[in-house]
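Asks: Below you will find the structure I want to go over with you.
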Amino acid sequence: MQQARRTHQTAVPDGLESPRAKLVYLYLSTHDGATVTELQDGLSMKKITLFSILKTLRGRGLVGQDRDRYVVAS
1 MQQARRTHQT
11 AVPDGLESPR
21 AKLVYLYLST
31 HDGATVTELQ
41 DGLSMKKITL
51 FSILKTLRGR
61 GLVGQDRDRY
71 VVAS
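Its first residue numbered 1, the sequence shown is counted upward by one per residue in the UniProt record's numbering.
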């Protein structure tokens with residue numbers, strides 16, 4: 001018996017040009033949010049870089065913050 005394969009596609013918002021910002025956005029959307037440390041561990045990026053990207057994503061209304069956790073804005 002063949003098992004159906006499920007795929008989940010997450011679209012990157014228009015206007016998001018930076019490859020790293022896209023990566024952070026996709027990580028947050030597929031992991032139901034994350035802390036900066038979780039992003040650092042999962043993406044092997046420096047925290048200073050992540051804070052800059054998250055600031056930009058928050059400024060564009062693409063990401064929200066709940067205490068120390070970042071989530072994709074709904």
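Every residue, glycine too, gets a C-beta built ideally from N, C-alpha and C.
In three-state terms, what does DSSP make of G33?
Replies: coil
Asks: Would you say A21 and T56 are within 8 Å of each other, going by their C-beta atoms?
Replies: yes
Asks: Looking only at C-alpha atoms, which of I53, S29, G42 and G33 sits nearest to R67?
Replies: G33
Asks: Since I believe Y25 is in contact with V12 (beta carbons under 8 Å), could you give me their beta-carbon distance rounded to a whole number of angstroms?
Replies: 6 Å
Asks: Checking the sheet assignment: what are the DSSP bridge partners for G64?
Replies: V71
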